Amino acid sequence: EPEVTQTPSHQVTQMGQEVILRCVPISNHLYFYWYRQILGQKVEFLVSFYNNEISEKSEIFDDQFSVERPDGSNFTLKIRSTKLEDSAMYFCASSRTQSQETQYFGPGTRLLVL
Amino acid sequence: QKEVEQNSGPLSVPEGAIASLNCTYSDRGSQSFFWYRQYSGKSPELIMFIYSNGDKEDGRFTAQLNKASQYVSLLIRDSQPSDSATYLCAVSGGGNKLTFGTGTQLKVEL
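In order, the protein sequence lines correspond to chains A and B. If you count by the numbering used here, then the first sequence holds residues 569 to 682, one letter each, in order. If you count by the numbering used here, then the second sequence holds residues 4 to 113, one letter each, in order.
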């Protein structure tokens, strides 16, 4: 069964450093998403991406964040200058279409900013 | 602010019993409703989705939706210890993003 994959599974970085989180969505899916979950808190939407552009973003997704689909398979989330409060689990998700369509989640990247 | 509310629990049920998980949402324009299961340290895993008022059954799981009351629930029949997890209610307004509740922790006791 096809699944979303994410790398790395864990990332430790120093405050102020740039990190890139990588995702490979399910191959026939067209919509891609990033969510985050701070330890003990709810899953929060960050951004959605379709047809090589952002279709929606949340207030959390400020200028420090960017997304890119550098090739036909990868979807990346970049945090330019990490802060302590960026420490969280980051989940990539994908869906085949937009409306009434299930989003399938990857295993996540646990980011720890020191 | 669009909200999804769940009782955080823990909800404890004996093995073999029915577990009932509830969720309310604030946005009347919400169109799609999802239940995800999340084990500790893992990603959300889809259990069921429902779009129309009424009940939808899939194996031991039944989702119930009442749009007039802005209420969605998940029933788990014949609960097993492996069902012990946090159950996340998620709502979509027909656009891209899912809005999640904080989740209800379910414990199925032997």
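Even for Gly, the Cβ is constructed at its ideal location relative to N, Cα and C. Keep in mind the model is a prediction, meaning the values are calculated, not measured.
Taking the C-alpha atoms as reference points, what is the distance between Ser616 (chain A) and Ser23 (chain B)?
Within the first sequence, numbered from 1, the residue matching residue 616 (chain A) stands at position 48. Within the second sequence, numbered from 1, the residue matching residue 23 (chain B) stands at position 20. Between Ser616 (chain A) and Ser23 (chain B), the C-alpha separation is close to 32 Å.
Interfacial residues, the stretch 88-100 of chain B to chain A, with Cβ spacing under 7 Å:
Along the stretch 88-100 of chain B, going in chain order, the ones with a CB nearer than 7 Å to a CB of chain A are Leu91, Gly97, Gly98, Asn99, Lys100.
Applying the criterion that 16 or more other CB atoms from any shown protein chain within 10 Å of the CB defines a buried residue, is Lys646 (chain A) buried or exposed?
The residue given as residue 646 (chain A) occupies position 78 in the first sequence. Lys646 (chain A) comes out exposed.
Starting from Met657 (chain A), follow its DSSP beta bridges and name the residues at the other end.
Within the first sequence, residue 657 (chain A) is the residue found at index 89, counting from 1. As DSSP reads the structure, Met657 (chain A) sits in a beta bridge with A:Gln605, A:Arg678.
Three-state secondary structure (DSSP) of Leu652 (chain A)
Counted from its first residue, the first sequence places residue 652 (chain A) at position 84. Leu652 (chain A): helix per DSSP, three-state reduction.
Can you list the residues of chain B that Phe673 (chain A) reaches, using a CB-CB cut of under 7 Å?
For this step, residue 673 (chain A) is matched to residue 105 along the first sequence. Residues of chain B passing the Cβ test: Ser46, Pro47.
How is the beta strand (DSSP E) around Pro17 (chain B) delimited, first residue to last?
Indexing the second sequence from 1 puts residue 17 (chain B) at position 14. It spans 14-17 - the beta strand (DSSP E) in which Pro17 (chain B) sits, taken as one unbroken run.
Quick check: what's the CA-CA separation for Ile588 (chain A) versus Ser634 (chain A)?
Translated into positions along the first sequence, residue 588 (chain A) becomes position 20. Translated into positions along the first sequence, residue 634 (chain A) becomes position 66. About 9 Å.
Could you tell me whether any Cβ in chain B is nearer than 8 Å to the Cβ of Gly640 (chain A)?
By 1-based counting over the first sequence, the position of residue 640 (chain A) is 72. Not one chain B Cβ lies under 8 Å of Gly640 (chain A).
Consider the Cβ of Thr27 (chain B): report whether some Cβ of chain A lies at a distance smaller than 8 Å.
As a working note, residue 27 (chain B) is residue 24 in the second sequence. Output row for Thr27 (chain B): interface = no.
Beta-carbon proximity of Pro593 (chain A) to Val580 (chain A), cut-off 8 Å:
Numbered from its first residue, the first sequence carries residue 593 (chain A) at position 25. Numbered from its first residue, the first sequence carries residue 580 (chain A) at position 12. At a Cβ-Cβ threshold of 8 Å, Pro593 (chain A) and Val580 (chain A) do not count as neighbours.
If contacts are defined as beta-carbon pairs under 8 Å, then Pro47 (chain B) and Leu91 (chain B) qualify, I think. What distance do you get, rounded to the angstrom?
On the second sequence, position 44 is the one that residue 47 (chain B) refers to. On the second sequence, position 88 is the one that residue 91 (chain B) refers to. About 6 Å separates the two Cβ atoms, so the contact holds.
Exposed or buried, which one is Tyr601 (chain A) when buried takes at least 16 other CB atoms within 10 Å?
Indexing the first sequence from 1 puts residue 601 (chain A) at position 33. By the 10 Å Cβ count, Tyr601 (chain A) comes out buried.
Reducing DSSP to helix, strand and coil, say where Asp86 (chain B) ends up.
Indexing the second sequence from 1 puts residue 86 (chain B) at position 83. Asp86 (chain B) falls in the helix class under three-state DSSP.
Please report how far the alpha carbon of Tyr658 (chain A) lies from the alpha carbon of Gly584 (chain A), in whole angstroms.
Locating residue 658 (chain A) in the first sequence gives position 90, counting from the first residue. Locating residue 584 (chain A) in the first sequence gives position 16, counting from the first residue. Approximately 18 Å between the Cα atoms of the pair.
With 8 Å as the threshold, decide whether the Cβ of Gly104 (chain B) is near any Cβ in chain E.
The displayed structure is made up of protein chains A and B, and chain E is not among them.
Roughly how many angstroms lie between the CA atoms of Thr575 (chain A) and Ser649 (chain A), to the nearest whole one?
Start at 1 with the first residue of the first sequence, and residue 575 (chain A) comes out as number 7. Start at 1 with the first residue of the first sequence, and residue 649 (chain A) comes out as number 81. The alpha-carbon atoms of Thr575 (chain A) and Ser649 (chain A) are separated by roughly 19 Å.
In this structure, does DSSP put Ala71 (chain B) in helix, strand or coil?
Sequence index remark: in the second sequence, residue 71 (chain B) carries index 68 (1-based). The answer is coil: DSSP assigns Ala71 (chain B) none of H, G, I, E or B.
Could you pull the DSSP bridge partners for Glu60 (chain B) from this structure?
Sequence index remark: in the second sequence, residue 60 (chain B) carries index 57 (1-based). Under DSSP, Glu60 (chain B) forms a beta bridge with B:Thr65.
Taking only beta-carbon atoms, is Tyr599 (chain A) less than 8 Å away from chain B?
If you number the first sequence from 1, residue 599 (chain A) lands on position 31. Output row for Tyr599 (chain A): interface = yes.
Who are the near neighbours of Glu7 (chain B) in its chain, counting only those whose CB is closer than 8 Å to its CB and skipping five residues on each side?
For the purposes of this step, residue 7 (chain B) is identified with residue 4 of the second sequence, where counting begins at 1. Looking at the sequence itself, residue 7 (chain B) is Val, so the reference to Glu does not match. When the five nearest sequence neighbours on each side are left out, the beta carbons in the same chain lying within less than 8 Å of the beta carbon of Val7 (chain B) are those of Cys26, Thr27, Tyr28, Ser29, Cys92, Ala93, Val94, Thr102, Phe103, Gly104, in order along the chain.
Neighbourhood of Gln41 (chain B) by C-beta distance below 8 Å, restricted to the same chain and skipping five residues each side
Position 38 of the second sequence, counting from 1, holds the residue named residue 41 (chain B). Closer than 8 Å at Cβ, skipping near neighbours: Pro47, Glu48, Ala88, Thr89, Tyr90, Leu91, Gly106.
Is the CB-CB distance between Tyr599 (chain A) and Ser662 (chain A) below 8 Å?
In the first sequence, the residue the question calls residue 599 (chain A) occupies position 31. In the first sequence, the residue the question calls residue 662 (chain A) occupies position 94. Contact flag set, yes.
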